[in-house]
Structure formats: structure tokens, C-alpha cells
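Notes follow once the structure below has been shown.
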Amino acid sequence: MASTDKGKGKATAAAADDSDNDTFRPVPDHHHSLESIAWPVVRADEIEHAMEHRVHFLDDAKGRHQACMSEMAGLEHMGIHKVRLAPNTESTVLHSHLAESEWIYVLSGCVTLRLARSAGDAEDLHPSPADFVAVQETPLRPGDFAGFPAGNPKERWAHSLRAGDEEVTYLLGGERRSVDVITYPTLGRTLVSHEESAAEAMFEGRS
1 MASTDKGKGK
11 ATAAAADDSD
21 NDTFRPVPDH
31 HHSLESIAWP
41 VVRADEIEHA
51 MEHRVHFLDD
61 AKGRHQACMS
71 EMAGLEHMGI
81 HKVRLAPNTE
91 STVLHSHLAE
101 SEWIYVLSGC
111 VTLRLARSAG
121 DAEDLHPSPA
131 DFVAVQETPL
141 RPGDFAGFPA
151 GNPKERWAHS
161 LRAGDEEVTY
171 LLGGERRSVD
181 VITYPTLGRT
191 LVSHEESAAE
201 AMFEGRS
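The UniProt record's numbering applies: residue 1 is where the sequence shown begins, and numbers increase by one.
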């Protein structure tokens with residue numbers, strides 16, 4: 001809520017720097033409108049309230065509960081999510097991104113990281129048949145981090161997470177680009193997407 005005492009905005013802001021009052025809003029100056037600026041602090045209860053179930057459009061048996069914390073704080077060029085993965089479920093279809101780097105940090109629970117080499121270079125739009133994709137698995141524990149750089153397709157890992165008998169909580173983050181190429185090597189498919197127009201094109205693998 002904005003201060004109603006004209007001319008006291010800066011003094012009030014300085015006095016409130018050390019307080020824990022989410023309702024405080026200083027009087028805007030002549031160059032900025034605070035109405036268009038997202039409040040930078042996202043509280044734990046707000047994150048929990050924002051949790052929603054997401055299923056994968058290519059396989060509705062795979063899904064997770066998540067909240068996009070970065071969006072709640074007004075960050076536009078990155079996505080940072082808090083995610084809960086129910087016992088004995090898989091987070092998503094094995095996939096990799098050509099344009100967007102992605103990372104995972106485990107907060108609680110033990111989870112299996114599933115990895116597969118995706119189609120490479122010129123084959124990005126013609127993925128290898130799913131029968132020829134070798135999947136590897138490695139455990140992740142609380143405090144473990146996994147990173148998946150964008151760029152050279154030859155060095156990309158397709159990935160997903162699979163929970164065991166306990167719920168897993170983790171942070172999921174990555175870049176947000178206007179155009180991305182997402183490869184699903186176990187399905188032999190590749191998706192090209194354009195965020196602003198919501199246009200998408202799916203390419204099937206060769207038989």
C-alpha cells in the first residue's frame with residue numbers, strides 16, 4: 001500500500017529497509033511506476049499455494065506438481081520452479097533442449113536421473129528411431145545438482161526424473177528463449193516451438 005504522506009516516500013522507504021513488512025510500498029518518483037513492478041519477495045506459503053499439477057502433452061502418465069517462482073517475482077528471461085514429484089512417478093518424457101540450458105537441484109528425497117543421448121547436429125529434425133536409444137540411470141540425493149547446457153547437440157543429454165517410494169522435492173531452472181528445439185529421443189520426435197506466437201511443429205523420426 002502506498003504512503004499517503006506526500007514528500008515522505010524516500011524517508012519512509014529508508015526507515016522500512018530493515019522491516020519485514022510486505023504491505024509497504026514507497027511513493028513512486030516521477031520516472032517509475034511501482035504498479036508495473038513485481039514485488040521481489042515470494043513467500044513460502046505463496047509458492048505452496050501456486051503449486052499445480054502438470055502432465056506431459058505426449059504422455060499423461062508423466063507429470064509433477066510445480067510453481068514457477070521466477071514468474072511470481074517478475075523474472076522474464078529465466079524459469080525457476082519448485083517441483084514436487086510423487087512417489088513412483090516420472091517427471092516428464094525424456095527430452096533435451098537445443099536453445100535453452102536447464103538445471104536441477106534436489107532439495108529432499110532420493111530420485112533417479114534418467115539420461116539418453118539425443119539426436120545430433122543435422123539429425124535434430126529427424127531423430128533416431130526410439131529402439132536405438134540407450135538410456136542410462138544414476139541416483140540423485142539431496143544437495144546434488146545436474147546441469148544440461150544448450151548448444152552442441154552432440155553434447156546434450158536428454159533427461160527426466162523418476163521417483164522411488166518417497167516424494168521428491170527439487171528446484172528446476174533454465175533459460176527462456178523465443179525459439180527452441182526440443183528432442184524426445186525415446187519417442188523419435190522433435191518439437192520446434194516459438195513462444196511469442198505459440199506456434200509449434202512436431203517432426204517424426206525416420207522409420
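Note that the Cβ used here is the ideal one computed from N, Cα and C, for glycine as well. Only a predicted model underlies this, so the values are computations on that prediction, with no experimental measurement involved.
Within the same chain, Cβ atoms closer than 6 Å to the Cβ of Ala201 are found at Val192, the five residues on either side in sequence being excluded. Less than 8 Å divides the Cβ of Glu137 from the Cβ of Arg114. CA-CA distance, Leu85 to His77, rounds to 25 Å. Here DSSP, grouped into helix, strand and coil, assigns Glu196 to coil. Note that the region 89-97 touches the region 147-166; at least 3 beta-carbon pairs, one per stretch, sit closer than 8 Å. Judged by pairs of C-beta atoms under 8 Å, the region 101-115 touches the region 137-152, as three or more such pairs exist. For Ser160, the uninterrupted beta strand (DSSP E) segment begins and ends at 157-163. Every alpha helix (DSSP H) stretch that sits fully inside the region 42-71 and reaches 4 residues is listed by chain position as 44-50. Restricted to the region 76-117, the beta strand (DSSP E) segments that are unbroken, complete and at least 3 residues in length are 78-85, 102-108, 111-117, listed in chain order.
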